[in-house]
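Numbering (UniProt numbering), first residue to last: 1 to 294.
Even for Gly, the Cβ is constructed at its ideal location relative to N, Cα and C.
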Amino acid sequence: MLFERTLKDGQSDIQFNPKAEKISAAAKEMISVNCLKNTSFFVARNQVNVSLPIIDAAKERMRHQLMPVISPTMGLTSYAQRRTSENKELVDYIVKFLHEADFNVTDISSNVISKQLTDEAIKFLTEDNDDPDEVSSREMERIKKERTIKQVQTIFEHTVENNDGTEIYQMDKKYESTGTMRTFGIETAVYDALNSEAVLPIDELETSLHPMLLEKILFEYLKVHSRSQLIVTTHNDGLLDLLDDLIRKDSVWFTEKKKSGVTELYKLTDFRGINRLSSIREAYRNKRFGATMG
Numbered sequence: 001m002l003f004e005r006t007l008k009d010g011q012s013d014i015q016f017n018p019k020a021e022k023i024s025a026a027a028k029e030m031i032s033v034n035c036l037k038n039t040s041f042f043v044a045r046n047q048v049n050v051s052l053p054i055i056d057a058a059k060e061r062m063r064h065q066l067m068p069v070i071s072p073t074m075g076l077t078s079y080a081q082r083r084t085s086e087n088k089e090l091v092d093y094i095v096k097f098l099h100e101a102d103f104n105v106t107d108i109s110s111n112v113i114s115k116q117l118t119d120e121a122i123k124f125l126t127e128d129n130d131d132p133d134e135v136s137s138r139e140m141e142r143i144k145k146e147r148t149i150k151q152v153q154t155i156f157e158h159t160v161e162n163n164d165g166t167e168i169y170q171m172d173k174k175y176e177s178t179g180t181m182r183t184f185g186i187e188t189a190v191y192d193a194l195n196s197e198a199v200l201p202i203d204e205l206e207t208s209l210h211p212m213l214l215e216k217i218l219f220e221y222l223k224v225h226s227r228s229q230l231i232v233t234t235h236n237d238g239l240l241d242l243l244d245d246l247i248r249k250d251s252v253w254f255t256e257k258k259k260s261g262v263t264e265l266y267k268l269t270d271f272r273g274i275n276r277l278s279s280i281r282e283a284y285r286n287k288r289f290g291a292t293m294g
């Protein structure tokens with residue numbers, strides 16, 4: 001722990017770990033005074049001229065190593081297509097995963113193609129576009145000059161066994177299942193997290209995924225030695241049956257919404273006697289840990 005912030009009578013009380021950071025009483029007091037109830041610690045810290053190298057390094061790591069949260073409704077296809085079009089190792093990684101998960105996918109090709117644009121499309125992209133950040137100024141100039149737009153086309157190769165022997169066929173991404181495309185996107189993000197040692201948050205990881213596929217994603221991630229971190233939320237209580245075999249007990253947290261509307265976050269290991277339980281999942285379903293409906 002680097003520091004701990006608590007509220008006492010509406011005022012911030014900040015305690016620093018003396019083994020990590022050396023800070024004068026005056027600087028500590030100034031940070032506490034600037035750290036109002038609705039102000040983050042880092043905003044208050046930036047208002048005080050003091051050296052906190054360990055905390056500042058941790059902040060920079062979070063800023064650069066924290067990937068965007070993947071929500072249940074987030075479209076990941078464009079991101080995955082772009083990344084696979086430029087990284088053959090990533091393609092091999094995803095194909096291996098999909099093949100082992102019985103998707104019959106034996107290859108993926110993502111290629112950048114150019115499509116001709118009509119005058120109306122060019123006008124929309126370069127003049128009438130309400131979101132100027134969507135198309136860079138350099139890209140706008142290229143579109144006007146070349147009258148084309150670059151798109152990534154992704155084809156999945158499937159290999160199946162039937163009465164005629166081995167059959168190989170190509171399938172455009174639009175014909176793939178939601179589960180396949182969700183896995184395509186999730187595994188692209190997992191690959192990037194592993195290789196950049198980043199933190200990847202995924203909300204409702206089980207969205208559009210078979211329970212066994214969910215387990216495989218976690219299993220394959222945990223097999224790799226990396227300083228990356230995967231933070232996921234899930235409603236799939238079946239993962240509680242995998243404690244100690246796949247997931248450590250101290251990595252499981254619950255959330256429960258109080259009558260006030262505030263969501264409380266607490267960890268499984270806060271409860272005594274969990275090592276004597278024959279089934280953590282059954283105990284959870286019997287409301288021993290809260291965080292259930294009703």
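- Here DSSP, grouped into helix, strand and coil, assigns T154 to strand.
- DSSP, read as helix, strand or coil, puts V95 in helix.
- One thing to note: T148 has its Cβ within 8 Å of the Cβ of Q116.
- Residues K59 of the same chain have their beta carbon placed closer than 8 Å to that of F42, with the five preceding and five following residues left out of the count.
- Taking C-beta separations shorter than 8 Å and ignoring five residues to either side along the sequence, the partners of A121 in its chain run I149, following chain order.
- For the set D119, T207, F289, T84, the Cα lying nearest the Cα of Q153 is the one of T84.
- For I113, same chain residues with a beta-carbon under 8 Å away, outside a window of 5 residues either side, are K150, Q151, V152, Q153 in chain order.
- A check of alpha carbon separations from L240 across S228, S208, A283 identifies A283 as the nearest.
- Rounded to the nearest angstrom, the Cβ distance from K267 to D250 is 7 Å, consistent with a contact under 8 Å.
- Per DSSP, the beta-bridge partners of E4 are Q15.
- For G238, the secondary structure class from DSSP, reduced to helix, strand or coil, is helix.
- Between V199 and I168, the C-beta spacing is not below 8 Å.
- Distances from the alpha-carbon of Y93 to those of T188, E204, R63 put T188 closest.
- Counting along the chain, N49 sits inside no beta strand (DSSP E), nor does DSSP assign it H or E at all.
- As summarised for the region 67-121, the continuous alpha helix (DSSP H) elements at least 4 residues long and confined to that stretch are 77-86, 88-100, given in chain order.
- With a contact defined as Cβ atoms closer than 8 Å, V105 and V91 miss out at about 11 Å.
- Listed in chain order, the non-local C-beta contacts of E21 below 7 Å within the same chain comprise L2, L52, I54, I55, local neighbours out to five positions each way being set aside.
- Under the three-state reduction of DSSP output, I23 falls in the coil class, being neither helix nor strand.
- Put simply, the backbone Cα of T118 is about 28 Å away from that of A80.
- Within the same chain, and ignoring the five residues on either side of S228 in sequence, the residues whose Cβ sits closer than 6 Å to its Cβ are A193, L194, E197, A198.
- The bridge partners DSSP lists for V33 come to none.
- Cβ contact annotation for L277 (same chain, cutoff 6 Å, sequence separation greater than five): A283, in chain order.
- Taken through DSSP and simplified to helix, strand or coil, M293 comes out as coil.
- The beta-carbon separation of L218 and L246, rounded to 6 Å, stays under the 8 Å limit for a contact.
- Looking at the backbone, the Cα of K287 and that of S226 are separated by about 35 Å.
- Going by DSSP, Y175 is part of no beta strand (DSSP E) at all; its letter is neither H nor E.
- Taking a 10 Å sphere around the C-beta of A101, we find 16 or more other C-beta atoms and assign the residue as buried.
- The straight-line gap separating the alpha-carbon atoms of T6 and K28 is approximately 14 Å.
- Nearest in C-alpha terms to E157, of all of E176, D107, G290, K257, is D107.
- Here A25 is exposed: its Cβ has fewer than 16 other Cβ atoms, across all protein chains shown, within 10 Å.
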